[in-house]
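**Q**
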Amino acid sequence: MIEAVRDALASGEAEQARRVLRKNWLRLILESHTRELEQLCLAHPDPHDPHILLIRACCRDLSGDPYGAEFLRGQGLRVASDDFVVCFTDLLLAPDTSTKAVIADRARHALSQCEPEDDYPSALFLLGWTEIRLRRDLPRAIALLRSASDEAQLQSRAETFRLAQSNLAFALTHAGAFTEAEQILDGLPSRELASDWERFEGGLPQSNRGCIAYWRGDFEEAIAQFDSIIVEGSPGTNFEALARLYLVMSLIALNREDRYHNAARLLRGVSTADKHGIPWDTLRRVTTAWLAHAQGQDDQARRIATPTLTRTGAAVAHALLAELYRVLGDPESSARALRLATSAGLPRYALVSTLVTSAALSSVAGRGSQAHEQLDRALAEAIPERILAPFLSGDPVIVDLLNAHAVQGSRHQELLRTILEKRSRLSAQLTGVLTERENEILTFLRTTMTADEIAAHLGIAYPTVKTHIRSIYRKLGVTKRRAAVQAADNLDRGIGRDSAAEAANRQVQGL
Numbered sequence: 001m002i003e004a005v006r007d008a009l010a011s012g013e014a015e016q017a018r019r020v021l022r023k024n025w026l027r028l029i030l031e032s033h034t035r036e037l038e039q040l041c042l043a044h045p046d047p048h049d050p051h052i053l054l055i056r057a058c059c060r061d062l063s064g065d066p067y068g069a070e071f072l073r074g075q076g077l078r079v080a081s082d083d084f085v086v087c088f089t090d091l092l093l094a095p096d097t098s099t100k101a102v103i104a105d106r107a108r109h110a111l112s113q114c115e116p117e118d119d120y121p122s123a124l125f126l127l128g129w130t131e132i133r134l135r136r137d138l139p140r141a142i143a144l145l146r147s148a149s150d151e152a153q154l155q156s157r158a159e160t161f162r163l164a165q166s167n168l169a170f171a172l173t174h175a176g177a178f179t180e181a182e183q184i185l186d187g188l189p190s191r192e193l194a195s196d197w198e199r200f201e202g203g204l205p206q207s208n209r210g211c212i213a214y215w216r217g218d219f220e221e222a223i224a225q226f227d228s229i230i231v232e233g234s235p236g237t238n239f240e241a242l243a244r245l246y247l248v249m250s251l252i253a254l255n256r257e258d259r260y261h262n263a264a265r266l267l268r269g270v271s272t273a274d275k276h277g278i279p280w281d282t283l284r285r286v287t288t289a290w291l292a293h294a295q296g297q298d299d300q301a302r303r304i305a306t307p308t309l310t311r312t313g314a315a316v317a318h319a320l321l322a323e324l325y326r327v328l329g330d331p332e333s334s335a336r337a338l339r340l341a342t343s344a345g346l347p348r349y350a351l352v353s354t355l356v357t358s359a360a361l362s363s364v365a366g367r368g369s370q371a372h373e374q375l376d377r378a379l380a381e382a383i384p385e386r387i388l389a390p391f392l393s394g395d396p397v398i399v400d401l402l403n404a405h406a407v408q409g410s411r412h413q414e415l416l417r418t419i420l421e422k423r424s425r426l427s428a429q430l431t432g433v434l435t436e437r438e439n440e441i442l443t444f445l446r447t448t449m450t451a452d453e454i455a456a457h458l459g460i461a462y463p464t465v466k467t468h469i470r471s472i473y474r475k476l477g478v479t480k481r482r483a484a485v486q487a488a489d490n491l492d493r494g495i496g497r498d499s500a501a502e503a504a505n506r507q508v509q510g511l
């Protein structure tokens, strides 16, 4: 293809060169020839031809030059909006969700009107790639990418096939079909160097594996996958940025306070503007709010999260936000976030998360029967893909609810037993690791201050203080205030956790 353009240019056949470029530009991008493609555009006798300018705009965007892409696109939009090149360059370059959705609908029509000089296999992939990011119809996105994979394979487009399969794995991961996604990831051919498109997307296979590991409660594996692809200076709008968000949530799940400072810095590298239909600012805010809560900064967490309650189109983020507001002691905001999360179809893992949050809200509100019904539904939804993360929270309400559910009996006893065993291992790993806020509250427990007074002094809600106190008791293996203080002192003297707790409980009981 490249040689065909060069030969046409050398022979003075400008129109033939333009036709070859028009037909093959998208394939050249997908097959990692972005730089050569742009050079061919510049070498064309009419570099200001609208199609040439639009193709260059895509090259600029993939090269990390959004301003150049914007300016060249503006110069090139001098042809009909239903033109094939206009349609598919717009599909790649449109930044916001609403614009991208309109263009995707045009692209569907354009694909049904393909001419011989149009690149159908590459365009089919690009439409599927776009539909994933729009998140408006995941089954359609998955079907488009399956079709793109088949078409690429039939036409011996090895690189397009690999990219279609990789994005199909992402679509399946996003939809909660983890098992099939893993099968596709396992079968992906490896590549020594990242392609232009992979640098543009940013570590898609590792990001997929990390997301699956996170929702299955394998937080250490998730951290390892995400750490392998996060690099300084990334654009903040690709899968590397998604990896940053999930890495921070994994660190919070393991109470990795030693990495919280760096986690905050990583989050600052995530875009605050939407791109390719992904609501980056909402995702970044929810994750940053969780990090603030983990650091004991609940007022800051609320301030960061508040704007996301007026936004739509981020179901998974709103599911996580609902749980955050619940542990912050704000059931009204939690319910509001739940409504946002469930306003459209939820992937299975997010549905499990919302059901666990709903069960905890019902439990706190005294609706015990409803809480256990919601928890049992969550267990049922979790079984097919082994979704465990929502059940592994250290929050005392969820701990008590799971324990009570185990005693009461469940139709899903095997999964419940797996969850309790995993919780036990995770608890052993985290035992004695108090967060910054918990250490602060432990200091006040040494005084005569009540929980109400501690809440007023710290400027946080009373239920939040009670949650922290119960977490302190659980981590120290005690059930009373004086025992918590004594156990902490025993640990400081080098006594092991079990011995420290036992000694503290004896001392408090006067034995």
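To convert, note that position 436 of the sequence shown is 436 in UniProt numbering; the numbers rise steadily by one, no gaps. For every residue, glycine included, the Cβ atom is placed at its ideal position computed from N, Cα and C.
Do Lys346 and Ala322 have their CB atoms nearer than 8 Å?
**A** As a first step, residue 346 is located in the sequence shown; it is residue number 346 there, counting from the start. As a first step, residue 322 is located in the sequence shown; it is residue number 322 there, counting from the start. One point to set straight first is that residue 346 is Leu, not Lys, in the sequence displayed. Contact flag unset, no.
**Q** Out of curiosity, what's the CA-to-CA distance linking Leu37 and Gln75?
**A** Within the sequence shown, numbered from 1, the residue matching residue 37 stands at position 37. Within the sequence shown, numbered from 1, the residue matching residue 75 stands at position 75. Those two C-alpha atoms are separated by around 18 Å.
**Q** For Pro157, which residues of its own chain have a beta-carbon under 6 Å away from its beta-carbon, when the five flanking residues on both sides are left out?
**A** Here residue 157 corresponds to residue number 157 of the sequence shown, with the count starting at 1. According to the sequence shown, residue 157 is Arg rather than Pro. Counting only Cβ-Cβ distances below 6 Å, and skipping sequence neighbours, we find Pro121.
**Q** Please tell me whether Arg348 and Glu373 are closer than 8 Å, where the distance is taken between their beta carbons.
**A** Taking the first residue of the sequence shown as position 1, residue 348 is located at position 348. Taking the first residue of the sequence shown as position 1, residue 373 is located at position 373. No, Cβ-Cβ distance for Arg348 and Glu373 is not below 8 Å.
**Q** Bridge partners of Lys275, per DSSP?
**A** Indexing the sequence shown from 1 puts residue 275 at position 275. DSSP, once it has assigned bridges, lists Ile278 as partnering Lys275.
**Q** I believe Thr328 touches Arg302 by the beta-carbon criterion, under 8 Å. Please report the beta-carbon distance rounded to the nearest angstrom.
**A** On the sequence shown, position 328 is the one that residue 328 refers to. On the sequence shown, position 302 is the one that residue 302 refers to. Looking at the sequence shown, residue 328 is not Thr but Leu. So it is a contact: roughly 7 Å between Cβ atoms.
**Q** Please tell me whether Val270 and Leu245 are closer than 8 Å, where the distance is taken between their beta carbons.
**A** Working through the sequence shown from its first residue, we reach residue 270 at position 270. Working through the sequence shown from its first residue, we reach residue 245 at position 245. Their beta carbons are under 8 Å apart, which means Val270 touches Leu245 by this criterion.
**Q** I want to know whether the stretch 187-200 touches the stretch 359-376 - three or more CB-CB distances under 8 Å.
**A** Contact between the stretch 187-200 and the stretch 359-376 is absent, because fewer than three Cβ pairs lie under 8 Å.
**Q** Determine the direct distance from the alpha carbon of Arg259 to that of Ala224, and round the result to whole angstroms.
**A** As a first step, residue 224 is located in the sequence shown; it is residue number 224 there, counting from the start. As a first step, residue 259 is located in the sequence shown; it is residue number 259 there, counting from the start. Using only the alpha carbons, I get a separation of about 14 Å.
**Q** Among the residues of its own chain, which have a CB less than 7 Å from the CB of Ala43, if the five just before and after it don't count?
**A** For the purposes of this step, residue 43 is identified with residue 43 of the sequence shown, where counting begins at 1. So the qualifying residues of the chain are Leu9.
**Q** Could you name each continuous beta strand (DSSP E) segment of 3 residues or more that falls completely within the stretch 290-377, going from the start of the chain to the end?
**A** Here no run is fully enclosed.
**Q** What separation, rounded to the nearest whole angstrom, lies between the Cα atoms of Ala164 and Ser333?
**A** As a first step, residue 164 is located in the sequence shown; it is residue number 164 there, counting from the start. As a first step, residue 333 is located in the sequence shown; it is residue number 333 there, counting from the start. So the alpha carbons of these two residues sit roughly 39 Å apart.
**Q** Is it true that the CB of His468 sits closer than 8 Å to the CB of Arg437?
**A** As a first step, residue 437 must be located in the sequence shown, where it is residue number 437. As a first step, residue 468 must be located in the sequence shown, where it is residue number 468. Result yes, Cβ atoms of Arg437 and His468 sit closer than 8 Å.
**Q** Can you tell which of Leu401, Leu416, Gly409 has the C-alpha that lies nearest to the C-alpha of Ile387?
**A** As a working mapping, residue 387 is identified with position 387 in the sequence shown. Among Leu401, Leu416, Gly409, the Cα nearest to that of Ile387 is on Leu416.
**Q** Nearest CA to the CA of Pro116: which residue from Cys211, Lys23, Leu154?
**A** Your numbering for residue 116 matches position 116 in the sequence shown. If we check each option's Cα against that of Pro116, Lys23 comes out closest.
**Q** Answer yes or no: do Glu131 and Ala141 have a C-beta to C-beta separation smaller than 8 Å?
**A** Mapped onto the sequence shown, residue 131 falls at position 131. Mapped onto the sequence shown, residue 141 falls at position 141. Yes, the pair counts as a contact, with Cβ atoms nearer than the cut-off.
**Q** Taking its Cβ as the centre, do 16 or more other Cβ atoms sit within 10 Å of His318, making it buried, or is it exposed?
**A** Counting from 1 along the sequence shown, the entry for residue 318 is found at position 318. Looking at its Cβ environment, which holds 16 or more other Cβ atoms inside 10 Å, His318 is buried.
**Q** Excluding five sequence neighbours on each side, which residues of the same chain lie with their C-beta closer than 7 Å to the C-beta of Glu13?
**A** As a first step, residue 13 is located in the sequence shown; it is residue number 13 there, counting from the start. Cβ neighbours of Glu13 beyond the five flanking positions: none.
**Q** Closest to Arg136 by CA distance: which of Arg6, Arg411, His51, Ile278 is it?
**A** On the sequence shown, position 136 is the one that residue 136 refers to. For the residues Arg6, Arg411, His51, Ile278, the minimum Cα distance to Arg136 belongs to Ile278.
**Q** What three-state label does DSSP hand Lys480 in the structure shown?
**A** Indexing the sequence shown from 1 puts residue 480 at position 480. Looking at Lys480 - three-state DSSP - the assignment turns out to be coil, as it is neither helix nor strand.
**Q** Where does Asp400 land, buried or exposed, given buried means 16+ other C-beta within 10 angstroms?
**A** Counted from its first residue, the sequence shown places residue 400 at position 400. That one is exposed.
**Q** Determine the closest residue to Gly68 out of Leu420, Thr282, Arg56, Arg78, with distance taken between C-alpha atoms.
**A** Here residue 68 refers to the residue found at position 68 of the sequence shown. Of the candidates Leu420, Thr282, Arg56, Arg78, the one whose C-alpha sits nearest the C-alpha of Gly68 is Arg56.
**Q** Below 8 Å on the Cβ atoms is my guess for Glu257 versus Thr435; work out the distance and round it to an integer in Å.
**A** Position 257 of the sequence shown holds residue 257. Position 435 of the sequence shown holds residue 435. The pair is a contact, with the Cβ atoms about 7 Å apart (cut-off 8 Å).
**Q** Where does Glu182 fall in DSSP's three states?
**A** Taking the first residue of the sequence shown as position 1, residue 182 is located at position 182. Helix at Glu182.
**Q** If contacts are defined as beta-carbon pairs under 8 Å, then Leu28 and Asp61 qualify, I think. What distance do you get, rounded to the angstrom?
**A** Here residue 28 is taken as the residue at index 28 of the sequence shown, counted from 1. Here residue 61 is taken as the residue at index 61 of the sequence shown, counted from 1. Their Cβ separation, rounded to whole angstroms, is 14 Å, which puts Leu28 and Asp61 out of contact at 8 Å.
**Q** May I have the straight-line CA-CA distance separating Arg78 from Ser393, to the nearest angstrom?
**A** Along the sequence shown, one-based indexing puts residue 78 at 78. Along the sequence shown, one-based indexing puts residue 393 at 393. Each residue's Cα considered, the two are about 55 Å apart.
**Q** Within this structure, are the beta carbons of Val85 and His51 separated by less than 8 Å?
**A** To locate residue 85, count along the sequence shown from 1; it is residue 85. To locate residue 51, count along the sequence shown from 1; it is residue 51. Cβ distance < 8 Å, so Val85 and His51 count as in contact.
**Q** Mind checking which residues open and close the alpha helix (DSSP H) that includes Thr450?
**A** For the purposes of this step, residue 450 is taken as the residue at position 450 of the sequence shown. Run containing Thr450: none; DSSP gives neither H nor E here.
**Q** Which value, in whole angstroms, describes the spacing of the CA atoms of Gln297 and Trp25?
**A** By 1-based counting over the sequence shown, the position of residue 297 is 297. By 1-based counting over the sequence shown, the position of residue 25 is 25. C-alpha separation (whole angstroms): 50 Å.
**Q** Taking 8 Å as the cut-off, decide whether the C-beta atoms of Gly313 and Thr173 are in contact.
**A** The residue given as residue 313 occupies position 313 in the sequence shown. The residue given as residue 173 occupies position 173 in the sequence shown. Against a cut-off of 8 Å, the Cβ pair of Thr173 and Gly313 comes out as no contact.
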